[in-house]
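Colleague:
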Amino acid sequence: MARQRRTSKATQYSIALIEGDGVGPEISKASLVVIDALQEKLGLSFSINQAPAGDNCKKRTGVALPESSIKTIRESDACLKGPVGETAADVIVKLRQMLDLYANIRPAKSLPNVPSLKPGIDMVIVRENTEDLYKGQEFEFDGGVVALRTITRSASERIAKYAFELAEQRGEGRKVLAVHKSNVLRKSDGLFAQVCREVSKSHPKVSFGEMLVDSAAMNLIRDPLSFDVIVTTNLYGDILSDEAAQLVGGLGMTPSANIGADFALFEPVHGAAPDIAGRGIANPIAMILTVAMMLDWLSKTKKDEACSEAASAIRAAVNHVLEAGTRTPDLGGKATTMQVAKAVATAIS
Ligand code: GGG
Numbered sequence: 177m178a179r180q181r182r183t184s185k186a187t188q189y190s191i192a193l194i195e196g197d198g199v200g201p202e203i204s205k206a207s208l209v210v211i212d213a214l215q216e217k218l219g220l221s222f223s224i225n226q227a228p229a230g231d232n233c234k235k236r237t238g239v240a241l242p243e244s245s246i247k248t249i250r251e252s253d254a255c256l257k258g259p260v261g262e263t264a265a266d267v268i269v270k271l272r273q274m275l276d277l278y279a280n281i282r283p284a285k286s287l288p289n290v291p292s293l294k295p296g297i298d299m300v301i302v303r304e305n306t307e308d309l310y311k312g313q314e315f316e317f318d319g320g321v322v323a324l325r326t327i328t329r330s331a332s333e334r335i336a337k338y339a340f341e342l343a344e345q346r347g348e349g350r351k352v353l354a355v356h357k358s359n360v361l362r363k364s365d366g367l368f369a370q371v372c373r374e375v376s377k378s379h380p381k382v383s384f385g386e387m388l389v390d391s392a393a394m395n396l397i398r399d400p401l402s403f404d405v406i407v408t409t410n411l412y413g414d415i416l417s418d419e420a421a422q423l424v425g426g427l428g429m430t431p432s433a434n435i436g437a438d439f440a441l442f443e444p445v446h447g448a449a450p451d452i453a454g455r456g457i458a459n460p461i462a463m464i465l466t467v468a469m470m471l472d473w474l475s476k477t478k479k480d481e482a483c484s485e486a487a488s489a490i491r492a493a494v495n496h497v498l499e500a501g502t503r504t505p506d507l508g509g510k511a512t513t514m515q516v517a518k519a520v521a522t523a524i525s
């Protein structure tokens, strides 16, 4: 069902919503409470259009990502997505490739009153999102399976450019770290590293470094404050972003964006968490901060300052709620998913 509230002056944005599996429906409903507060208090206007996809959808319809959902997504201004379970390859990986959402942006930032490895962590993982082992080129042969890893110059170049431009937007004295394993994967990661080096030459104000992925995994724990923007290939980015999430309180805290040239899809980094699904205790903050990332993107692409203000209002409200101690059990609190969402909505008000 479409939910909408019109105001006289605001542009209305259509958002395709994939609620997903496990905790997906709960955190999606929580994010709608926050979106409603933005509509009521900040005069923004959204129509939310359901685009079913995932394990439950497959059970119900026989397809994990129905054509009707793809149509809804294509006709929307942006897509907001909860986690999906076993059908991730048929849903999110397929959507990333189908819509050419080449940049997966995964920030990890310490927030107040959240158990963080160290205060002041503020990094962004820029993950190439269309190739690597995620192309799904796996083939059986007599006695085994071979998985093809694709790394191209063009995809490496555009993700490296995205990372350097993001570093520039983050302010003065920023750094980009290319993470790879070129000492072993000489050709594939060798190409990725080489392209990052080349792109770095066009961004002299951003310092550039390289680190092997195993070393990066260790240094994220040893010295998390030394990281700023990490650019890396698809699978390493997926793994390192779970690690980075744990540094700042866990997967319940980290949002993400899948960005293409003219469309974007937003989702929390976490999975469907079936072990806690239906209990009303999932942390909705990753999903709520995901809405803030969506608003940042709408603000930039639609040149709408109101969206940028709304994104800032969400982040300020989340900080306020955490400072006040309204937290779900994963953060040591006792609040439910909906109590956190309602507290964020009230703080926006
Ligand atoms: N480990 C967290 C999780 O399950 N995230 C969802 C996921 O794996 N999505 C596919 C991907 O981002 O590659």
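The sequence shown begins at 177 in this note's numbering and counts up by one. Using N, Cα and C, we set each Cβ at its ideal position, and we do this for glycine too.
1) E304 and G428 look like a contact to me (Cβ under 8 Å); what is the Cβ gap, rounded to whole Å?
2) Output the distance between the C-alpha atoms of A453 and Y189, rounded to the nearest integer angstrom.
3) Please report the straight-line C-alpha distance between G261 and P450, rounded to a whole angstrom.
4) Following a CB-centred definition, is V424 positioned closer than 8 Å to any heavy atom of the ligand GGG?
5) Using CA coordinates, which residue listed in A486, E499, D506 and A511 is at the minimum distance from A213?
6) Assuming the contact rule is C-beta atoms closer than 8 Å, I435 and L277 should be a hit. Round their C-beta distance to whole Å, please.
7) The ligand GGG heavy atoms versus the CB of I268: any closer than 8 Å?
8) Who are the Cβ neighbours of E195 in its own chain at under 6 Å, not counting the five residues just before and after it?
9) How about A227 and S252: do their beta carbons lie closer than 9 Å?
10) Are the CB atoms of F439 and L193 nearer to each other than 9 Å?
11) Taking 8 Å as the cut-off, is the C-beta of P259 nearer than that to any heavy atom in the ligand GGG?
12) Return yes when at least one heavy atom of the ligand GGG lies under 8 Å from the C-beta of N459, else no.
13) Comparing the CB of L465 with every heavy atom of the ligand GGG, is any distance shorter than 8 Å?
14) How many whole angstroms separate the CB atoms of V516 and P460, which I take to be in contact at a CB cut-off of 8 Å?
15) Whose C-beta lies closer than 7 Å to the C-beta of M470 among residues of the same chain, with five residues either side of it excluded?
16) Counting Cβ pairs, one atom from each stretch, are 3 or more of them under 8 Å apart for the segment 322–342 and the segment 361–378?
17) Pair every Cβ in the segment 383–390 with every Cβ in the segment 347–361, then say whether three or more of these pairs are closer than 8 Å.
18) Check whether the Cβ atoms of T408 and S207 sit closer than 9 Å, and answer yes or no.
19) Quick one: what's got a C-beta closer than 7 Å to H496's C-beta in the same chain, skipping five residues either side?
20) Between C483 and the rest of its own chain, which residues show a CB-CB distance below 6 Å, the 5 nearest in sequence each way excluded?
21) Is the beta carbon of V494 closer than 9 Å to that of A468?
22) For the ligand GGG, is there any heavy atom lying closer than 8 Å to the beta carbon of N280?
23) Grab me the residues of K234's own chain with a C-beta within less than 8 Å of its C-beta, minus the 5 sequence neighbours each way, in chain order.
24) The ligand GGG heavy atoms versus the CB of Y189: any closer than 8 Å?
25) Quick check: what's the CA-CA separation for T502 versus T328?
26) In chain order, what residues of the same chain lie with their CB nearer than 6 Å to the CB of D528, ignoring the 5 residues before and after it?
27) Taking its Cβ as the centre, do 16 or more other Cβ atoms sit within 10 Å of M463, making it buried, or is it exposed?
28) Does the beta carbon of Y310 fall short of 8 Å from some heavy atom of the ligand GGG?
29) What's the call for E348, buried or exposed, on a 16-neighbour Cβ count within 10 Å?
30) Where does the unbroken beta strand (DSSP E) through L193 begin, and where does it stop?
31) Does the distance between the C-beta of H496 and the nearest non-hydrogen atom of the ligand GGG fall short of 8 Å?
32) Which word fits Q215, buried or exposed, when buried means at least 16 other C-beta atoms lie within 10 angstroms of its C-beta?
33) In the DSSP assignment, what residue or residues form a beta bridge with A354?
34) Measure the CB-CB distance between V302 and R350 and report whether it falls below 9 Å.
35) With burial defined as no fewer than 16 other Cβ atoms inside 10 Å of the residue's Cβ, what is the status of E307: buried or exposed?
36) For S364, which residues in the same chain have their Cβ closer than 6 Å to its Cβ, ignoring the five residues on either side in sequence?
Modeller: Straight from the coordinates:
1) 25 Å between Cβ atoms; not a contact.
2) A453 and Y189 have their C-alpha atoms spaced approximately 30 Å apart.
3) Rounded to whole angstroms, G261 to P450 spans 8 Å at the Cα level.
4) No, since every heavy atom of the ligand GGG falls outside the 8 Å radius drawn around the Cβ of V424.
5) The option with the nearest alpha carbon to A213 is A486.
6) Yes, they are in contact, since the Cβ atoms of I435 and L277 sit about 6 Å apart, within 8 Å.
7) Indeed, a heavy atom of the ligand GGG lies less than 8 Å from the Cβ.
8) Once the five neighbours on either side are set aside, the close Cβ partners of E195 are P201, S204 and G258.
9) In contact: A227 and S252 (Cβ atoms closer than 9 Å).
10) Contact flag unset, no.
11) At least one heavy atom of the ligand GGG is nearer than 8 Å to the Cβ of P259, so yes.
12) It does not: the Cβ of N459 is nowhere closer than 8 Å to a heavy atom of the ligand GGG.
13) The ligand GGG has no heavy atom closer than 8 Å to the beta-carbon of L465.
14) The distance from the Cβ of V516 to that of P460 is about 5 Å, consistent with a contact at the 8 Å cut-off.
15) Result list for M470: A254, L256 and F442, in chain order.
16) The segment 322–342 vs the segment 361–378: in contact.
17) As far as the Cβ criterion goes, the segment 383–390 touches the segment 347–361, which means the pair count is three or higher.
18) No, Cβ-Cβ distance for T408 and S207 is not below 9 Å.
19) Residues of the same chain with a CB within less than 7 Å of the CB of H496, apart from the 5 flanking positions on each side, are A523 in chain order.
20) L471, L474 and S475, listed in sequence order.
21) Yes; because the gap between Cβ atoms is below 9 Å, this pair is in contact.
22) Result yes, Cβ under 8 Å from the ligand GGG.
23) Within the same chain, and ignoring the five residues on either side of K234 in sequence, the residues whose Cβ sits closer than 8 Å to its Cβ are A240, T263 and D266.
24) Taking the Cβ of Y189 as the reference point, every heavy atom of the ligand GGG lies at 8 Å or farther away.
25) Rounded to the nearest whole angstrom, the C-alpha separation of T502 and T328 is 46 Å.
26) Here the chain comprises residues numbered 177 to 525, so residue 528 is not present and cannot be evaluated.
27) The residue is buried, with at least 16 neighbouring Cβ atoms inside 10 Å.
28) For the ligand GGG, at least one heavy atom lies less than 8 Å from the Cβ of Y310.
29) Per the 10 Å Cβ criterion, exposed.
30) Per DSSP, L193 belongs to the beta strand (DSSP E) from Q188 to I194.
31) No, the beta carbon of H496 sits no closer than 8 Å to any heavy atom of the ligand GGG.
32) When all chains shown are included, Q215 counts as buried.
33) Note: A354 is bridge-paired with E386 and V407 in the DSSP secondary-structure output.
34) Contact: no.
35) By the 10 Å Cβ count, E307 comes out buried.
36) The residues R325 and I327, in chain order, have a CB closer than 6 Å to that of S364 in the same chain once the five nearest residues on each side in sequence are set aside.
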